[in-house]
Each structure stands twice: as structure tokens, then as C-alpha cells.
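*Asks:* Residue numbers for the first sequence follow full-length UniProt numbering, so the first one is 1 and each next one is one higher.
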Amino acid sequence: MESHLLNAIHSSLHINQLRQVHALVTTKYQSLNFHFIRRLLNLSFTGYARRLFDQMPRQNQRLHNVFIAAYSRLCLNTEAIDMFVMMHRKNSLIGSFTIPPVVKSCSALLVIELGKQIHSLAIHYGFGSNLFVQTAFMDFYAKSGDLDSARIVFDGISVKDPISYNCLISAYSKTGDVSAARRLFDGMTERTVVSWNSMISCYAHNGDHHEAILMFERMQVEKYCPNEFTLVILLSICAKLGDLEMGLKVKKFIDDTNAFPNMIVATALMEMFVKCGAVDEARQEFDRMNKRDIVTWGAMIAGYAQNGRPSDALELFECMKHEQIRPNDVTIASVLTACAQLGSAEAGERIGSYIESEGFNSNVYVASALLSMYSRCGNIKKAQQVFDKMLEKDIVSWNSMITGLAFNGYAIDAINLFEQMKETEVKPNDITFVALLTACTHVGLIDLGLEFFDRMLSVHDIVPKVEHYACIVDLFCRCGKLNEAFDFILEMKVEPNVVIWGTLLSACRIHSNVELAEIAVKKLQVLEPENSGNYVLLSNLYANSGRWQDALRVRSLMRDEKVQKTAAYSWIELEDGVHKFLVSDSSHSKSDEICIIVEGLSMQSVSDESDIYVEFCL
DNA sequence: TTAGGGTTAG
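1) Please list, in chain order, all residues of the same chain as G298 whose beta carbon is under 6 Å from its beta carbon, the five residues on each side excluded.
2) Do L5 and L32 have their beta-carbon atoms positioned less than 9 Å apart in this structure?
3) In whole angstroms, give me the CA-to-CA distance for A268 and L52.
4) Let me confirm a value: V494 is counted as buried when at least 16 other C-beta atoms fall within 10 Å, else exposed. Which label applies?
5) Between the C-alpha atoms of D611 and S400, what's the straight-line distance to the nearest angstrom?
6) Excluding the five sequence neighbours on either side, which residues of its own chain have a C-beta within less than 6 Å of the C-beta of E528, listed in chain order?
7) Let me confirm a value: E285 is counted as buried when at least 16 other C-beta atoms fall within 10 Å, else exposed. Which label applies?
8) Using the rule of at least 16 other Cβ atoms within 10 Å of the residue's Cβ for burial, across every protein chain shown, is E515 buried or exposed?
9) When the distance is taken between beta carbons, is G156 closer than 9 Å to Q134?
10) Would DSSP call L76 helix, strand or coil?
11) Note the first and the last residue of the continuous alpha helix (DSSP H) segment covering C440.
12) From E392, E423 and L437, pick the residue whose C-alpha is nearest to that of F407; which is it?
13) Provide the residue span of the alpha helix (DSSP H) that contains Q420, from first to last.
14) Would V265 and Y224 qualify as a contact pair, given that the criterion is a beta-carbon distance under 9 Å?
15) Taking the alpha-carbon positions, what's the H88 to N60 distance?
16) Can you look up N91 in the DSSP assignment and give me helix, strand or coil?
17) Can you confirm whether the segment 343-363 touches the segment 376-385 when touching is taken to mean that 3 or more C-beta pairs between the two stretches lie within less than 8 Å?
18) What residue range is occupied by the uninterrupted alpha helix (DSSP H) comprising L448?
19) Pick helix, strand or coil for E609, following the three-state DSSP scheme.
20) Can you tell me whether S556 is buried or exposed? The criterion is at least 16 other CB atoms within 10 Å of its CB, across all chains shown.
21) Under 9 Å between the Cβ atoms of F67 and M83?
22) Suppose you measure from the CA of N307 to the CA of A313; what does that come to, to the nearest Å?
23) With S105 and H64 assumed to form a contact (beta carbons below 8 Å), what rounded beta-carbon distance in angstroms separates them?
24) Return the CA-CA distance between K252 and A305, expressed in angstroms with no decimal places.
25) Under 9 Å between the Cβ atoms of V279 and R309?
26) Thinking just about the alpha-carbon of each residue, which of S532, I510, E530 and S506 is nearest to the one in A520?
27) Kindly provide the ranges of any alpha helix (DSSP H) runs that are 4 or more residues long and lie completely inside the segment 282-333, ordered along the chain.
28) Under three-state DSSP, which class holds L618?
29) Is the segment 127-147 touching the segment 161-172 in the sense that three or more CB pairs, one from each, lie closer than 8 Å?
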């Protein structure tokens with residue numbers, strides 16, 4: 001009967017089955033109590049198990065151990081530590097199996113002092129040279145950022161297994177000490193796939209993608225078979241590099257070896273396509289998955305948002321809600337980016353109230369995206385409200401608000417907000433200065449703009465990038481100081497790009513400066529020979545100055561170089577979608593009606609000075 | 001002991 005009952009305990013999956021067994025255990029077979037409680041803990045019924053534990057007259061070491069291990073595994077770290085402390089106070093015998101899980105909970109909660117005390121205790125009990133205990137403390141010190149102590153523990157291990165090595169390799173990897181990690185790896189006599197993965201991941205996380213790929217190749221030469229972890233690490237490298245060619249090779253490897261990649265591999269594959277700009281291929285992977293979790297959904301929605309396809313992002317978000325999957329902070333942040341791109345105040349309002357009602361706005365990512373969305377949809381008041389309510393403000397929150405003010409015409413407020421930011425712990429970055437210089441540009445504050453530009457490096461230690469130079473060029477150009485802009489370009493410490501020359505060229509058109517326009521166009525012809533806009537601008541400029549021959553020459557140059565003039569569309573977004581119009585375009589379904597009304601409008605504007613109110617629906 | 005999605009600027 002006893003063995004029959006033990007089988008019943010081990011095979012029970014449902015709480016009701018266990019309750020039936022319980023009645024027998026408590027009355028007749030108390031020796032099975034341990035197995036019963038362990039089964040309950042394995043099935044995560046911690047409360048039920050704990051009530052039984054508390055009712056028992058005597059609890060032995062094994063029983064304490066299974067509780068501490070279960071609590072730690074289920075991330076109930078405080079409970080794990082409390083149980084250990086209770087055990088110690090009751091003078092219960094502590095064993096080597098008691099230590100690793102409680103140390104893990106100390107790492108998770110970052111209770112450093114307690115962890116160190118437990119370490120002394122473990123040595124006192126004579127577990128100082130137990131491999132499992134040593135590995136646990138090594139991991140604890142590594143996670144606490146105390147690599148020196150982790151190393152001392154490692155050096156004290158007499159017979160090191162691959163796990164001890166791997167653990168320290170990944171610790172060095174996290175602190176960026178790649179060479180220390182590599183020395184350990186090279187010193188290993190016996191490696192596992194995990195050792196290779198840890199080393200590849202170490203190079204990848206520290207930016208040395210080339211070396212990561214070399215290690216992957218060497219791993220295969222040495223006959224180690226890559227596993228799913230290896231593939232995910234490689235795919236994330238391809239994603240970071242935007243290397244579609246290599247990404248496709250990894251995909252082929254997966255297709256050849258793994259008929260059904262797991263969810264993490266499939267998500268990494270999607271992410272690789274997304275970051276390489278191949279959104280439709282990413283969607284194919286998404287559609288192919290037979291099971292999707294919130295990370296999958298989130299990756300695809302973000303993929304659309306990051307690749308300028310906001311409508312697809314929102315459509316997929318609706319799909320996700322339809323499948324009863326509750327969005328989290330990550331999905332919401334991407335959806336907000338999509339709304340901001342649409343610039344649609346109505347969609348923005350809708351998602352804004354949803355977020356507030358569901359309580360998502362306490363997350364920094366969500367709050368920054370929300371305020372940014374409001375400001376891009378033109379609702380600066382709402383943006384300011386979100387910003388003011390934020391309890392935690394990071395650099396992105398400040399940048400979003402400064403940018404929002406700058407773009408909505410509140411340049412002085414943007415600059416004042418920067419002054420407020422300087423009073424905080426948050427340090428400005430390159431994006432902060434793009435926003436500040438934009439603000440100066442909008443109100444023509446040349447001197448202040450130049451001062452900000454100088455202070456970037458001298459005070460804030462930020463090297464100006466080409467976009468900062470572009471802001472200054474724009475600042476000069478908008479004030480009509482074209483020669484100063486040109487001199488500034490010549491002295492730039494980075495190579496001027498199309499934005500720089502394009503800004504100068506546009507200013508030349510406005511201020512009819514043919515001489516500088518010719519220089520700018522020459523530069524642009526090299527940088528973007530296919531862009532017809534530059535040729536058109538120059539040709540028009542010649543025509544306006546009466547230089548017809550030159551104007552014709554540019555036009556014929558365009559023909560010779562086969563540069564096509566791209567059509568300029570006007571467009572308007574209404575409730576039912578986007579309506580595009582081209583010159584002489586009659587493709588719109590209500591084209592005739594529109595033409596009649598436009599004609600009427602122009603007739604009236606000639607004959608009648610009074611205000612005209614015309615209602616027309618597209 | 002090794003693995004996947006997010007916010008700002010251009």
C-alpha cells in the first residue's frame with residue numbers, strides 16, 4: 001500500500017488528486033509526508049505545502065532543503081532566505097545542499113552582506129571545498145559585481161569542472177573584461193558547448209563581432225555541434241550588424257537541422273530580418289510559428305514600428321488583443337512609436353486613454369514614448385502633463401520633452417528645461433544637443449546655438465556628430481548667412497553629408513545664391529547622383545536669374561545621366577485613410593467632384609472678396 | 001554556466 005501511495009503522490013498532477021492522497025498520508029502513513037510535500041512544491045503549491053510543514057511537530061534538514069530550493073526556483077527569494085534564517089536559529093543542521101539555493105536568492109535580491117555571512121558560515125561548517133557550494137558563491141560574487149572575490153573562490157577550487165569555468169567566463173564578459181574571459185577559455189582542458197557559447201556571446205556583447213564569428217567557425221572545426229543558444233547568439237550578431245547574408249546562412253542551418261525551431265530561436269530569426277530591414281520576411285517567420293508568446297508579438301509590432309510601417313504595427317496590435325493576449329510595457333511602447341509616426345491625434349488620444357486606464361504609464365519607456373507621441377501629434381500640453389507626472393526621469397524622458405518643446409515652437413521653454421535638467425543627476429547626451437540646436441534654429445538664436453555647440457565638447461565631453469554640424473549650418477542658413485554657413489562647412493571635423501549640402505542648397509534657392517548653389521550641387525552629384533531634386537533646384541535657380549542656357553544645360557544633363565524627376569505628391573489623412581494627389585492626377589474616385597469644387601473656389605476668389613465656406617467630403 | 005521584443009534625435 002505504501003509504495004502504491006508513493007506512486008500516486010508522484011503521478012498526481014491535480015490538486016484534488018493530492019487532497020485525496022493527503023487524507024491517507026496524515027492518518028496512516030506519516031513517513032510519506034516528505035514525498036507528499038515535495039510533490040506539492042514541484043507543482044508550485046507552496047502555500048498548501050507550507051501549512052503542512054508548519055503543522056508538523058519536527059522538521060528535518062531534508063524538508064527545509066526542499067522548501068529553500070523550491071522558493072528559490074520560484075523566485076520567492078525572501079521566503080527562501082527566511083526559511084534559511086529560521087533553520088539557523090533553530091540550530092537545525094545545515095547541509096551542503098542547503099547553501100546553493102539560498103545563496104542564489106541572496107544574489108537575486110542583492111543582499112550582499114547576508115550572502116557574505118552565509119559564506120563564512122558555509123566555511124565554518126566545512127563546505128568550503130564543496131564544488132557546488134563554491135560555484136554558488138562564485139556566481140554570487142560575480143552577480144554582486146565583486147569579480148575579485150569571485151576569482152578567489154574560483155582559484156580555490158581544486159578540481160574545476162567546465163561549469164566553474166563557464167560561470168567565471170560569463171562574469172568577465174558582463175564586466176567587459178574580454179581578455180580575462182579568453183585566458184580562462186584557453187586554459188580549459190575540457191570544454192562544453194556552453195563554454196563555446198559563453199565565449200562567442202562574450203565577444204558579441206562586447207562589440208567584437210568578427211572574433212565571435214571566428215570562434216563559431218573554430219567551434220565547428222573542433223567538432224562541437226552548435227545548439228539553439230549558439231544560433232540565437234549568432235542571429236543577434238547578424239541583427240546588430242544588419243548582415244542579412246550571414247543571417248540567411250544561419251536560417252539555412254536551422255532549416256536543415258531543426259524542423260521546428262523553438263520560440264526563442266524563431267523570435268531571434270524574426271529580429272534578424274527586422275533589423276536587416278526585411279520586415280515582410282520577418283512576418284513570414286511570425287506567421288509560420290505554431291505558438292507565440294508576448295515577446296514574439298512584441299518583436300513583430302516593434303519591427304513594423306521601427307521600419308516606418310505604423311499602420312501594420314497598429315493592425316497587428318489589434319490582432320493580438322483579439323487573440324486575448326494582454327499587452328505589456330514593451331508592446332505598448334512600440335505601439336506608441338507607431339502612433340507618433342502616424343501623427344494622428346485621434347489614434348493617439350485613443351491609445352493614450354487606454355494606457356492611462358490600464359496603468360501602463362508608470363514605466364519609463366512607456367511614459368517617454370507617450371509624451372513623445374503627444375508632442376508629435378501636436379498636443380504639447382498633454383506631453384507636458386505626462387512629463388510632470390513622471391516619478392523617474394531618465395535621459396530619454398528629458399530629451400523627449402526638450403525635443404517636443406523645440407518642435408512645437410516653444411524654443412525658449414526647451415532651453416529653460418535644459419537648464420532644469422542640469423540641476424539633476426541626468427547627464428545630457430548627443431541627442432539633447434540636437435534638440436537644443438533645433439530649438440535655437442527655430443527662433444534664430446545664432447550666438448546661443450554656437451555657444452551650445454562649443455560647450456558640447458569643452459564642458460560636456462560630447463564629440464559633435466554630423467547632425468550637430470547640420471543644425472549649425474541650418475542656423476546660419478535660416479538667418480541668410482550663407483557665406484558663414486559655407487565657411488563653417490569647410491572647417492567641419494567630419495565629412496559633410498547630403499543633409500549638410502542639401503541644407504545649403506535649399507538656402508541658396510531662397511536667397512538666390514547661384515555661386516554657392518553650384519558648389520553644393522557638385523558635392524551632391526557625387527553623394528547622391530540619383531536624386532533629381534538637387535538638379536531641379538539648380539535649374540530653377542538659373543532660370544530665376546535669367547541664365548536660361550545654364551538651366552537648359554542642367555536639364556539635358558539630367559537626361560544624359562538618366563535622372564528621373566520623382567513625382568511630388570500632396571496628401572491628406574482622413575478617418576478612412578490617406579488620400580494622395582499628383583499633378584494632373586484623375587485617379588481619385590471623387591476626382592470630378594473635387595475638380596468642380598476647386599474650380600468654384602478659384603472662381604469665387606477672383607470675383608468675390610467675402611469669406612467662402614465650402615464643405616466637401618472626400 | 002550560454003539565448004529572444006521596447007522609449008528620444010536625424
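Ideal Cβ placement from N, Cα and C applies to all residues, glycine included.
*Replies:* Reading off the structure:
1) V330 and T331
2) yes
3) 44 Å
4) exposed
5) With a pLDDT of only 40 at D611, under 50, the local geometry of the prediction cannot be trusted, and the value read off the model is given with reservation. Going from the Cα of D611 to the Cα of S400 covers about 40 Å.
6) V498
7) buried
8) An exposed status is given to E515, since fewer than 16 other beta-carbon atoms sit within 10 Å of its beta-carbon.
9) yes
10) Assigned with DSSP and collapsed to three states, L76 falls in coil, not helix or strand.
11) D430 to V443
12) L437
13) A411 to K422
14) no
15) Each residue's CA atom was taken as its position, placing H88 and N60 some 12 Å apart.
16) coil
17) Segments in contact, yes.
18) I446 to S458
19) The predicted position of E609 is uncertain, since its pLDDT is 41 and thus under 50; a value taken from the coordinates is nonetheless stated next. In this structure, E609 counts as coil in the three-state DSSP scheme.
20) The residue is exposed, with fewer than 16 neighbouring Cβ atoms inside 10 Å.
21) yes
22) 10 Å
23) Contact between S105 and H64 is absent: CB atoms are separated by about 14 Å, not below the 8 Å threshold.
24) 27 Å
25) yes
26) S506
27) 294-306 and 310-322
28) Note that L618 has pLDDT 37, beneath the 50 cutoff, so the model's placement of it is unreliable and the number below is only indicative. Collapsing the DSSP output to three states places L618 in coil.
29) yes
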